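Novice: Dropping a structure here in structure tokens format, bear with me for questions.
Residue numbers (my numbering): 32 to 342.
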């Protein structure tokens, strides 16, 4: 979710109290441990005890292939206040994969074991270390060996996006593989992938039998979705609203206005906020048509952008 679930979006989506925790966009770790300033710029919640403004814990997601540098980065994250570490072995972006990051590690179970082991040893035992995986690079059956590797290495739980890297975001999504992993009882399993609406969630729930779910694009495209899911799972939420996705500009207006307010706490560049709003609505259109996006797309200034929603 690079460039999508930044700090303002995390703050907005957690205000309803429907998430148990959220995960940052990945912080890329190469041959050097990022300096403290990069951590604070990338994860401003570290200045608030690693909590969003409404009190939801934030886990730091790290991406890379160098076990020692990842371990050092995890230690630094925790020393700055991180509530947990999530290791990204699922990003399908070609640029990331060509530089030894994300889903390319799925081809090397021994390296998954090494990375998780080193990170686990680097942070206190009470700090969770989780792993985000896809089913495999090209063969979905690889998920079983890879999950066994991260479980032996001490991962606290595994989040599985039910596609291979070669699929990208193309259908189908293999939720049944998540059920098969869960039934092996290696470690707790979080289901992920193609949960765009409440009906998708119910299908995933019935197929996987999981207790835990990660929603990314679906939560951004429909800010009510997490509330509906958390109510179904009997989790605590203080929002009375249910999960009908916002469609009209007037439906979107309170979310957009709140996002602008939150974004202005982190940037003084209105053109950046305009780009983020357009990106947000365009992502929502992957699940349903929003014809008024054409008008939004032509706006240039923040004032013009907000006028689109003043209907």
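In this text, a Cβ means the ideal position worked out from N, Cα and C, and glycines have one as well.
Since the model is a prediction, treat every value here as computed from it, not as a measurement.
Run through DSSP, which three-state label would residue 174 get?
Specialist: Note: residue 174 maps to helix in three-state DSSP.
Novice: Would you check if there are 3 or more beta carbon pairs closer than 8 Å linking the region 143 to 159 to the region 210 to 224?
Specialist: no
Novice: Just the Cα atoms here: how many angstroms apart are residue 281 and residue 40?
Specialist: 19 Å
Novice: As a quick exercise: from 123, 331, 128, 129, pick the residue whose alpha carbon is nearest that of residue 32.
Specialist: Residue 123 is the option with its Cα nearest to residue 32.
Novice: Buried or exposed for residue 71, please, with buried defined as at least 16 other CB atoms from any protein chain shown within 10 angstroms of its CB.
Specialist: Flag for residue 71 reads exposed.
Novice: I'd like the span of the alpha helix (DSSP H) that includes residue 211, first residue to last.
Specialist: 206 to 214
Novice: Taking residue 160 as part of the beta strand (DSSP E), name the residues at either end of that continuous run.
Specialist: 160 to 167
Novice: Given a cut-off of 8 Å, decide if residue 180 and residue 140 are closer than it, judged by their beta-carbon atoms.
Specialist: yes
Novice: Based on DSSP bridge pairs, tell me the residues matched to residue 119.
Specialist: 163
Novice: Going by beta-carbon coordinates alone, are residue 227 and residue 249 separated by less than 8 Å?
Specialist: yes
Novice: Which residue spans inside the region 241 to 328 form an unbroken alpha helix (DSSP H) run of at least 4?
Specialist: 248 to 252, 256 to 263, 280 to 294, 301 to 315, 324 to 328
Novice: Have a look at residue 244 and residue 261 and give me their C-alpha separation to the nearest angstrom.
Specialist: 10 Å
Novice: Going by alpha carbons, who is nearest to residue 54 out of 312, 276, 162?
Specialist: 162
Novice: So is residue 232 buried or exposed if we call it buried at 16+ other beta carbons inside 10 Å?
Specialist: buried
Novice: Can you give the beta carbon distance from residue 82 to residue 119, rounded, assuming they're within the 8 Å contact cut?
Specialist: 22 Å between Cβ atoms; not a contact.
Novice: So the candidates are 74, 105, 305; which of them puts its Cα closest to the Cα of residue 149?
Specialist: 105
Novice: Note the first and the last residue of the continuous beta strand (DSSP E) segment covering residue 218.
Specialist: Run containing residue 218: none; DSSP gives neither H nor E here.
Novice: Can you check which of these residues, 60, 327, 330, is closest to residue 97 by C-alpha distance?
Specialist: 60
Novice: Could you tell me whether the Cβ atoms of residue 204 and residue 187 are closer together than 8 Å?
Specialist: no
Novice: Does the distance from the C-beta atom of residue 222 to that of residue 241 stay below 8 Å?
Specialist: yes
Novice: Roughly how many whole angstroms lie between the Cα atoms of residue 43 and residue 251?
Specialist: 10 Å
Novice: Hey, how far is the Cα of residue 90 from the Cα of residue 331?
Specialist: 34 Å
Novice: What first and last residue would you give for the alpha helix (DSSP H) that runs through residue 135?
Specialist: Here residue 135 belongs to no alpha helix (DSSP H), and DSSP marks it neither H nor E.
Novice: Which residues in the same chain have their Cβ closer than 6 Å to the Cβ of residue 313, if we skip the five residues on either side of it in sequence?
Specialist: none
Novice: Quick one: Cα of residue 112 to Cα of residue 301, how far?
Specialist: 30 Å
Novice: Would you list the residues sitting across from residue 188 in a DSSP beta bridge?
Specialist: The partner list for residue 188 (beta bridge, DSSP) reads 161.
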